[in-house]
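In our numbering, the protein residues as written are 1 to 255. Yeah, the Cβ is synthetic: ideal placement off N, Cα and C, and Gly gets one too. This one's a predicted model, so the numbers in the text were calculated from it and none came from an experiment.
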């Protein structure tokens, strides 16, 4: 798949796409990029789109790291490429971005799938972790180890290397700034106004997001449902692409 750029609020945003049909938009998490979705880009009868959000991957950088700003750019990206009634999938930080977008523009999505997402009440990182985040910006081995922790059952080490290399493209200030940004809350009353179906997926081996957070996220939506994966960690699309694809296809078919 050859990538493309589109201008969003004067910034270049990179994306890849595959297939034809009703749109599915993938939104990556922290230290992420469109590469995280490369094994799940084939969805029968669907146009699947994965972007690099600003501050990440091959997209332009911003002066800030902020969930609300990322959500504005995600909405602007969806508008810029002419999508309507998209099914939107968000992973980790990307889930927080999707929730912020839905809170502001509930009409933009037909359905939402949130994979090990930060909860509406936010995700607070212990202060002791921030020194490691600083190291991630300059130390590839430390970054790779951190990403392995976010995908603990991953078996494809070449893929782990690929997402590590893409993570190094992230704006330097965002290595710490994104974690601070995740502390921000999303208004639950605005999420409950979204009337489309919402699937919240959580891996029991996740060491970042716990079960209470996953339940909180599912309960924030009028039509939220929680799916627990016993043998998966924080990143099912990287750890078990076939399982992710089955969950997504079943969810889209049911709605």
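For a cut-off of 8 Å, the C-beta gap from residue 2 to residue 47 is around 15 Å, too long to register as a contact. Nearest to residue 15 by alpha-carbon distance, out of 60, 22, 44 and 30, is 60.
Residue burial annotation: residue 239 is buried, with at least 16 other C-beta atoms found within 10 angstroms of its C-beta. Around the C-beta of residue 186, 16 or more other C-beta atoms lie within 10 Å, and the residue is accordingly described as buried.
Per DSSP, residue 253 is one residue of the alpha helix (DSSP H) stretching across 241-254. Per the DSSP secondary-structure output, residue 157 pairs with nothing in a beta bridge. In the structure shown, the three-state DSSP call for residue 209 is coil. Residue range 67-80 is occupied by the alpha helix (DSSP H) that includes residue 79. Listed as beta-bridge partners of residue 202 by DSSP are 228.
DSSP places residue 51 in no alpha helix (DSSP H) but in the uninterrupted beta strand (DSSP E) bounded by 46-52. In the three-state reduction of the DSSP assignment, residue 12 falls in the strand class, which pools E and B.
Distances from the alpha-carbon of residue 253 to those of 12, 156 and 43 put 43 closest.
Secondary structure note for residue 87: its beta strand (DSSP E) is the uninterrupted segment 86-91. Considering only 7, 23, 74 and 20, the residue with the shortest C-alpha distance to residue 29 is 74. Excluding sequence positions up to five before and after residue 198, its CB lies within less than 8 Å of the CB of 111, 112, 113, 114, 218, 221, 223, 224 and 225, all in the same chain and listed in chain order. DSSP, read as helix, strand or coil, puts residue 114 in strand.
If the five residues before and after residue 203 are omitted, its C-beta is found closer than 7 Å to the C-beta atoms of 116, 229, 232, 233, 234 and 236, all from its own chain and listed in chain order. Residue 134 carries a helical assignment under DSSP once its states are collapsed to helix, strand and coil.
Per the coordinates, the alpha-carbon of residue 9 lies some 20 Å from the alpha-carbon of residue 34. By the neighbour-count criterion, in which a residue is buried when 16 or more other Cβ atoms sit within 10 angstroms of its Cβ, residue 92 is buried. The shortest C-alpha to C-alpha distance from residue 84 to any of 157, 171 and 22 is the one to 22.
In the displayed model, residue 106 falls within a helix according to three-state DSSP.
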